[in-house]
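Scroll down for the structure; my scribbles are underneath it.
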Amino acid sequence: MDPKALAALGELLGDRLRTSLETRICYSYDATGKRFLPDAVAHPVDAEEVRRIVLLANQHRFPVVPRGAGSGFSGGSLPVHGGVVLSTERMDRIVAIDTENLYAVVEPGVVTETLKEEARRRGLFYPPDPASLKFSTIGGNIAECSGGMCAVKYGVTRDYVLGLEAVLGTGELVRTGVATVKGVVGYDLTRMLVGSEGTLGIVTRATLRLVPLPETAATMLALFSGNREAARAVNAVVAARVTPSAMELMDRTAIDCVLAVVPIPLPEGTGSALLLEVDGPAPSVARDAERLAEVCRSCGAIEVRVASDARGREELWKMRRSISPGLRRLAPVKMNEDIVVPRSRLADMFDFLAGLSARKRVRIVNFGHAGDGNIHVNVMTSGTDADETRRAEEAVEEVFRKTVEVGGTISGEHGIGIAKAPFLEMEVGPLGVSVMKRLKECFDPNGILNPGKIFLSEAAVRP
Amino acid sequence: MKDETLAALTGLCAKCGTCRTVCTLYPERKAEIAVARGKVALLEAAMNGEDPDADSVQEALTDCLLCGRCERACPNQVLVEEIVMKGRADLAEEVGIPAWKSILFGKVMASPGATAAARKAAAAGERLLLPKVPTGSGLHYRFPEGLGGKGRTVPELPARGFLESLGRKEAASGEVMLFVGCVFDHVFPQVGRAAYETVKASGKSVAVFRDAACCGLPAMVSGDRRSAMACAEGNLRRLRSAEPATIVFPCGSCLLMFRRNLLSLVPQGVPLHEDALWVADRSTDYASFLLASGVVGRLPDPPAGEKAGEIGYHDPCHLSGTLGKGPEAREVLRRAAGDAFAEMEGADRCCGYGGTFNVRDYRTSARIGEGKVSLAARGGTKVISTACSGCVLQMRDMAARVDPSLRVVHIAELVAQALARGEGTAPRR
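In the order they appear, the protein sequences are chains S and A.
0 is the number of the first residue of the first sequence in this note's numbering; add one for each residue after it.
15 is the number of the first residue of the second sequence in this note's numbering; add one for each residue after it.
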């Protein structure tokens, strides 16, 4: 990077600009395990500083890569072309929680769980619950449109963003959206920015919708002999007109993975497990839980366990929570994909994955948010066997092809980043890519913001 | 820098970021370099030949309280404490150990005589030079703000340490050996005394480990392997030859050293390893011993209703967290103090001491500690009890800053009071 640019940034930020190799190393990675060294790390404290960093970037032509907690799975926060990593860690204030109009105004560095907790204390609920919610930030969640387990009932981050304040690639500060339930004034720039992975603008403030906190919840674990039975139960639950607040499916590969970490007694012949949760007012929770247990039994469940107290529910959730620690035990490297298929094609997809695993001779562990058709496909490798890695990469590509073929999408909640950039066109087609690039041109004409993401051919910043 | 054992340990980190949620230091620093993931990445870079500045990496590794929260939260079970200690030791070979540390750890603390002499000199010094601060836990002296002490208070050092106060006729070996630790010997001899009297109440033959060197934890966590070895060698040999069935530790950090850290300081293949295993097997925390030996069961019924909820318990990170010994102390307290004991707000929050961390960055250490102690005080706690020497030192200093009427004691002092009550004598202060 141009020393003049670094000097100007230093003048703007003082010791909140770091250029030491040690700090740069600490902002070179995310949860993909891949690494790219930035030239500098900036810790702005407000929108004005963000704006001035982007203005300097346009003047001196260096990339600016926004980063929340660096917990993404698609490489969204990796500085693949160097430049400045703009960390939102010091923009972490909850500005307001409006209990009359049910919304919160937050800075991008607020940790998702912090907002959820503050809302909870006021009897309110911010539903999005990515697995990383205890450390990932609202800014990152908005940039990647994070989902989570409760999406089946409550939707994803996008459904809770009412309005944004963001610095565009030009350095202009734009305010989008509303602080009301309704609003249709011109193009929906808010939705444009959600999921744009920091390539169109850097969110500096967000107005987020809150809902009343559900009164209580009940959890059920239904065990089936195989995925076909479990997938049939998923569709039967939907047909029973009960919307669970979570419906997680673990196939045999995931169950084995859990059992490697915690001994959970399971009946003979368990080949698939469905974890369901219902929430709401106590009488309806009790009724819905009973109805769902009945549905599972009628779909051939070997056993259904129900818990309505906190401790019992936690015991049932343990199975789901133990998958990730278990994965690491199986193999050191995982390619973690997050495809979504129409619910009615879940069983077919699981069959396909089992066949693929055998054909490519790679271990594939599948689990996920079956209620919304979102399956986490984890292709496990040693990372040291080149042939195995090649077979795994081929397997991933086949998974994506199959997903698109059955009418699904290649990323439900992780985003494209660098990990899925080669497959973007497979899903959206050449015209789709072209329209997206024209939009990018409009928001960020000099290619300052997060270059190298989403689009495979995206080069570094324009000269 | 090359270290295959270390590389195998760091290789397990998936960079997921879970450590950010629990790190005691992260809210203070708000920078990735503070958390385990950043430190692991730095060590990986150093081992991959990316050549980060060794002094700066050492500085980053030193900026850690070793509270162990990240390790316990880690979904991949990355051994962060081990990584940080190994990294510090490897880097110390490149950048050296600061002279004051190697003299203090290797010369003074490894030698019982030198430690006593150092205490006497320091006691004379504080009396001559520092202003007095009376507190609920006894007299303290305050360093002036401008003189590098940054307003720190230190307890009044005694003329005689606990071990020095023991008569020659007291047993030198027994079924039970009490490892008092430097702080409860030289700084708070009343804790050493209370631990001794209450352990003796088990009716077993109890000896105090007389020729103890420092447990070696301060040296080991500073990456000073040589000084840690100097401490460990003598301690292990003398403990082994005394052949106790049980070794009781009033201090959680000393216990951690003997239960866990020594086994990595003298790993398999090193001659002392077998002794370290032998000692580790017999080492136990104070509260567990009191429960197992029946002392707690024989305590007189606590006075009912008096000062209900005034006594809290602070979880030392090493004892409650790393070693999982949290419930035991509470069981002791329920029996010794009755209704006076109640869970205090933020009981498991780190006190911010971190040993040498407190010396190198007192301001941060104090901010964390003040937060902890004020939270307890606001919740109505008047006496904070705990079971680790570092935590007692830190929280007494913090109490002097926040609310000097707040007392900070070791649980052994409360048990001794309860015992005295049973004997019909006036409770000891």
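Just so it is clear, CB atoms sit at the ideal spot from N, CA and C, and this is done for glycine as well.
Owing to the predicted nature of the structure, the values given are computational and were not obtained by experimental measurement.
Using the Cβ count rule (16 or more neighbours within 10 Å means buried), how would you classify residue i?
i	result
residue 129 of chain S	buried
residue 97 of chain A	buried
residue 441 of chain A	Residue confidence is low: residue 441 of chain A scores 42 on pLDDT, short of 50, so the model does not pin down where it sits. No coordinate-derived value is stated.
residue 231 of chain S	buried
residue 443 of chain A	Low confidence applies to residue 443 of chain A: its pLDDT is 38, below 50, so where it sits in the model is not reliable, and the reading given next is rough at best. The residue is exposed, with fewer than 16 neighbouring Cβ atoms inside 10 Å.
residue 249 of chain A	buried
residue 444 of chain S	exposed
residue 151 of chain A	buried
residue 66 of chain A	buried
residue 106 of chain S	buried
residue 282 of chain A	exposed
residue 22 of chain A	exposed
Looking at residue i: is its Cβ nearer than 7 Å to the Cβ of residue j?
i	j	result
residue 260 of chain A	residue 190 of chain A	yes
residue 41 of chain S	residue 85 of chain S	yes
residue 67 of chain S	residue 87 of chain S	yes
residue 75 of chain A	residue 34 of chain A	no
residue 68 of chain A	residue 26 of chain A	no
residue 196 of chain A	residue 228 of chain A	yes
residue 391 of chain S	residue 378 of chain S	yes
residue 170 of chain S	residue 224 of chain S	no
residue 221 of chain A	residue 187 of chain A	yes
residue 369 of chain S	residue 227 of chain S	no
residue 36 of chain S	residue 23 of chain S	yes
residue 380 of chain S	residue 418 of chain S	no
residue 215 of chain S	residue 312 of chain S	no
residue 322 of chain S	residue 374 of chain S	no
residue 123 of chain S	residue 209 of chain S	yes
residue 266 of chain A	residue 333 of chain A	yes
residue 222 of chain S	residue 142 of chain S	no
residue 291 of chain S	residue 236 of chain S	yes
residue 63 of chain S	residue 56 of chain S	yes
residue 406 of chain S	residue 324 of chain S	no
residue 49 of chain A	residue 60 of chain A	no
residue 351 of chain A	residue 291 of chain A	no
On a CA-only basis, which of the options is nearest residue i? Give me that one, please.
i	options	result
residue 175 of chain A	A:141, A:131 and A:156	A:131
residue 30 of chain A	S:428, S:204, S:431 and S:69	S:69
residue 213 of chain S	S:385, S:282 and S:8	S:282
residue 236 of chain A	A:353, A:378 and A:79	A:79
residue 92 of chain A	A:285, A:19 and A:219	A:19
residue 337 of chain A	A:316, A:402 and A:318	A:402
residue 434 of chain A	A:417, A:379, A:312 and A:140	A:312
residue 319 of chain S	S:254, S:195 and S:420	S:254
residue 452 of chain S	S:334, S:251, S:195 and S:301	S:195
residue 110 of chain S	A:36, A:128, A:252 and A:346	A:36
residue 355 of chain S	S:79, S:376, S:100 and S:165	S:376
Tell me which residue opens and which closes the alpha helix (DSSP H) that residue i is part of.
i	result
residue 341 of chain A	341-351
residue 68 of chain A	68-76
residue 444 of chain A	One cannot answer for residue 444 of chain A here, as it falls past the ends of chain A, which runs 15 to 443.
residue 3 of chain S	2-12
residue 319 of chain S	309-320
residue 123 of chain A	Neither: residue 123 of chain A is in no alpha helix (DSSP H) and is coded neither H nor E.
residue 263 of chain A	Residue 263 of chain A -> not in any alpha helix (DSSP H); beta strand (DSSP E) instead, spanning 260-263.
residue 446 of chain A	Only positions 15 to 443 of chain A appear in this structure, which leaves residue 446 of chain A out of reach.
Which two residues bound the contiguous beta strand (DSSP E) that contains residue i?
i	result
residue 39 of chain A	Residue 39 of chain A -> no beta strand (DSSP E), and no H or E assigned at all.
residue 365 of chain S	362-368
residue 223 of chain S	215-223
residue 96 of chain S	93-97
residue 327 of chain A	325-327
residue 338 of chain A	Residue 338 of chain A -> no beta strand (DSSP E), and no H or E assigned at all.
residue 201 of chain S	200-208
residue 302 of chain S	302-306
residue 246 of chain S	245-250
Would you say the beta carbon of residue i comes nearer than 6 Å to a heavy atom of the ligand ZN?
i	result
residue 399 of chain A	As presented, the structure is devoid of all ligands, the ligand ZN included, so that no description of it is given.
If contact means a Cβ-Cβ distance below 9 Å, which residues of the stretch 128-152 of chain S contact chain A?
131, 133, 134 and 135
Can you list, in chain order, the residues of the stretch 46-57 of chain A whose Cβ is nearer than 7 Å to any Cβ on chain S?
46, 47, 52, 55 and 56
With 7 Å as the limit, tell me which residues of the stretch 68-90 of chain A have their beta carbon closer than that to any beta carbon of chain S; keep them in chain order.
70, 71, 74, 89 and 90
Check distances from the C-beta atoms of the stretch 182-213 of chain S to those of chain A and list, in chain order, the residues that come in under 9 Å.
none
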